[in-house]
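Contents: one structure, followed by commentary.
2 protein chains.
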Amino acid sequence: MDFHPAPGADPLALIARHFAAMPPVAALQLRVDGFDGDALRLHAPLAAHVNDKGCAFGGSLGSLMTLAAWGVLTLRLHAAGITADVFVADTQVQYRAPLFADLHAQARLADGADWDGFLARLRERGRAGIALEASVRLPDGGIAAAAQLRYVAIANG
Amino acid sequence: MDFHPAPGADPLALIARHFAAMPPVAALQLRVDGFDGDALRLHAPLAAHVNDKGCAFGGSLGSLMTLAAWGVLTLRLHAAGITADVFVADTQVQYRAPLFADLHAQARLADGADWDGFLARLRERGRAGIALEASVRLPDGGIAAAAQLRYVAIANG
């Protein structure tokens with residue numbers, strides 16, 4: 027996904043508009059809940075993601091975590107002043123418990139991810155990969171689903 | 027997802043209706059293209075899954091492969107005369123190339139999956155897990171995305 031906000035624009039509002047402009051993402055009815063510089067939080071209503079058991083569809087959990095990870099990497103690149111396209115390369119998802127409530131996903135860099143090395147490689151070679159982690163929480167704070175994701179950024183500016 | 031067709035019903039038509047009844051799956055606009063007893067093929071139009079680059083959204087590829095794998099396991103259990111609920115347990119997806127065409131996903135048991143052992147465990151213990159594989163093809167026959175998936179069936183009949 028391309029994400030090239032104008033200087034001075036609110037990146038969080040722009041990322042929400044960016045999501046809404048893509049038909050498959052608009053269908054998810056997601057809302058950007060917040061970004062603290064580290065974790066990006068997304069929300070989606072259970073009603074749009076319910077399966078026939080009354081709980082959230084696994085594919086929806088995967089999509090929400092994929093978007094949260096894309097978003098956090100895109101926002102961190104924006105904060106670093108780098109214009110790059112961000113692509114998902116591979117994902118692993120563990121579905122741990124059914125979720126009978128709204129979907130709250132969050133993503134951040136993986137523990138041990140080398141942000142400075144990633145930026146250096148991206149600046150030097152125009153392309154670099156980095157690991158992220160995401161989860162969807164249960165209302166009691168437990169984990170409904172967890173994901174480990176690898177993204178590739180390709181500089182274009 | 028529950029799938030308990032009446033005896034004699036067309037399982038492929040029922041699975042299509044089953045998909046259409048879930049809001050997040052209906053949003054995918056998928057069509058069941060066929061099942062040869064081994065592989066289940068699903069189709070979805072690019073227009074419903076396009077991102078801002080004009081290619082298919084990664085989350086959509088993941089959802090389609092997840093549904094195809096759920097479907098093939100459900101249909102094979104149906105053919106074996108077993109009534110069970112089928113849950114996705116974990117998935118790994120590799121995104122290999124952007125897809126600028128309609129989505130054609132297929133799924134089957136993984137190479138080396140022990141179908142007879144799976145059925146025996148399910149009958150004996152009421153619960154068993156099995157590995158599946160899925161892919162979304164490029165128009166030239168290459169791979170846009172590949173997935174390895176593990177599902178758990180829980181007997182309920």
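The listed protein sequences correspond, in order, to chains A and B. Quick note, in our numbering, the first sequence goes up one by one and the last residue is 183. Quick note, in our numbering, the second sequence goes up one by one and the last residue is 183. Every residue gets a Cβ at the ideal spot worked out from N, C-alpha and C, and that includes glycine.
Chain order gives no chain A residues near L101/B, where near means a beta carbon separation below 8 Å; the closest approach is about 16 Å.
Of all alpha-carbon atoms in A105/B, L54/B, I108/B and A106/B, the one lying nearest the alpha-carbon of S86/B is that of L54/B. Taking the Cα positions, D36/A is about 15 Å away from L66/A. Straight across, the Cα-Cα distance linking L40/A with N182/A is about 19 Å. Of D116/A, H104/A, F83/A and P165/A, the smallest CA-CA separation from P50/B is found for F83/A. Of all C-beta pairs linking the segment 133-144 of chain A to the segment 111-119 of chain B, fewer than three are shorter than 8 Å, placing the two stretches out of contact. Only those residues of the segment 78-92 of chain B whose C-beta falls short of 9 Å from the nearest C-beta of chain A are listed: D78, K79, A82, F83, G84, G85, S86, G88, S89, L90, M91 and T92. Within the same chain, Cβ atoms closer than 7 Å to the Cβ of Q132/B are found at A65, L66, R67, A94, A160 and S161, the five residues on either side in sequence being excluded. For I169/A, DSSP records a beta bridge to R163/A. In summary, no residue of the segment 125-141 of chain A has a CB separated from any CB of chain B by less than 8 Å. Going by C-alpha positions, W96/A is about 20 Å away from F126/B. DSSP places T92/B in the helix class (H, G or I) of the three-state scheme. It is roughly 32 Å from the alpha-carbon of L56/B to the alpha-carbon of R134/A. If you keep only unbroken alpha helix (DSSP H) runs of at least 4 residues inside the segment 69-132 of chain B, you get 84-105. For D128/A, the closest C-alpha among the options A42/A, I180/A, L90/A and A46/A is that of L90/A. For L56/A, the three-state secondary structure derived from DSSP is coil. Within the same chain, and ignoring the five residues on either side of G80/A in sequence, the residues whose Cβ sits closer than 7 Å to its Cβ are F126.
For A53/A, the chain B residues whose Cβ falls inside 7 Å of its Cβ are A53, in order along the chain. If you draw a straight line from the Cα of L148/B to the Cα of A173/A, it comes to about 28 Å. Here D59/A has R67, L68, H69 and H130 as same chain residues with Cβ atoms under 8 Å from its own Cβ, once five neighbours each way along the sequence are excluded. For A115/B, the nearest CB of chain A lies under 7 Å from its own CB, placing it at the interface with that chain.
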